[in-house]
Each structure stands twice: as C-alpha cells, then as structure tokens.
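Student: Taken in order, the sequence shown gives residues 154 to 305; the numbers are from the working numbering. A single structure is presented below for examination.
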Amino acid sequence: MPGSVTIVFDEAAPRLLREELQSIADHVEDSLEVIKLPPIVVRTDCSFATSKRHFAGVITGNVVVMYVCPDLANQPISLIRGVLYHEMGHVLQFIEKQLKGKNEMGDRDYEQDCDYKVEMTCGIKIYYDKSMVQRVGKKKKTWLMKRPRGLE
C-alpha cells in the first residue's frame, strides 16, 4: 500500500526528497513481505557530513533518524535514489539487529552490507560513481560494481 511507511519530515525537507524517500521506503517494506519498517524521522541537516560526498546518514536507537542534506535534491535522480536506497540499507541493518540481536555481514563491511541488504531485499543494485557516491539505474561504464572497502 503506497505511503504505508510512517515518515515524519521536518519543514525544510524538499518535496522531491520527501516523495522519493516515501516511494523507496514503501518499495523496501513491500519487498519485506511480513516485517514492517519502523517509523523514520527525517531531519534536513548537513552537520553530520564530513565531506562533499556525504548527503545523508542514519542513526538508530529507539527511533530511526535519517539526516538528509537539502542539496541532495539538486543532484541527478540516479544519485538521489542511490543515496536513499543505501540509507534504507541502514534501516534494514537496524531491523536485523532488532530481530536477531546482531548483524550478519559475512565478509562485507558495515557500509557494503547496506548495499547488499537492499539488493537482496529489493533487487536494486547500488553502484558508485567516480566521486564515490551511490547511484542506481542502468550501469555506466565508469560506475563501480560495489562500494570500495574503507570508504567513509
């Protein structure tokens, strides 16, 4: 059911980011079949960013808080969706930890695991462009197949 994931946006969140995140969250939840995504609070804020390539971040605790830089809305749609799907991977990690008491990552690092969870859950492949920012869509020759290890 579209719009079934509860997302609370602050007033500053650009409309495009609201619509894309709601659509992506609903896609993730629909792909989960039985499990429901927790409510997500979105704060439009760049204070977490340590470089130009940081457009979003997730902090989990009693609630899931997603921080999104408003300038993400000015990026190509393949980048917007890539970043937001990656952040939803963090929400999937949170769910796994709540259900199992741990994250089962195998030989993947924590950030690569986000991309893996999205691919396994939704069938969406996340690539990395020459700036090492997430992208989705038809693979371009210059896009990397997976997140480089150690990339913050």
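Don't be surprised by glycine CBs; every beta carbon is placed ideally from N, CA and C. All of these numbers come straight from a predicted model, not from anything done at the bench.
Applying the criterion that 16 or more other CB atoms from any shown protein chain within 10 Å of the CB defines a buried residue, is Tyr-280 buried or exposed?
Tutor: Buried is the call here.
Student: Quick one, are the C-beta atoms of Val-161 and Ala-178 less than 9 angstroms apart?
Tutor: Contact: no.
Student: Bridge partners of Met-219, per DSSP?
Tutor: DSSP lists Val-195 and Val-211 as partners of Met-219.
Student: Rounding to the nearest angstrom, what Cα-Cα distance links Val-217 and Asp-198 in this structure?
Tutor: Each residue's alpha carbon lies about 15 angstroms from the other.
Student: What does the alpha-carbon distance come out to for the pair Asp-163 and Arg-196?
Tutor: Their Cα atoms are separated by approximately 6 angstroms.
Student: Would you call the region 252 to 259 and the region 222 to 230 touching, i.e. three or more CB-CB distances under 8 angstroms?
Tutor: Touching, no, given that fewer than three Cβ pairs across the two stretches are closer than 8 angstroms.
Student: Determine which residues share a DSSP beta bridge with Leu-297 and list them.
Tutor: Bridge partners of Leu-297: Tyr-281.
Student: Could you tell me the alpha carbon to alpha carbon distance between Gly-259 and Leu-297, rounded to whole angstroms?
Tutor: Going by the C-alpha atoms only, they are around 21 angstroms apart.
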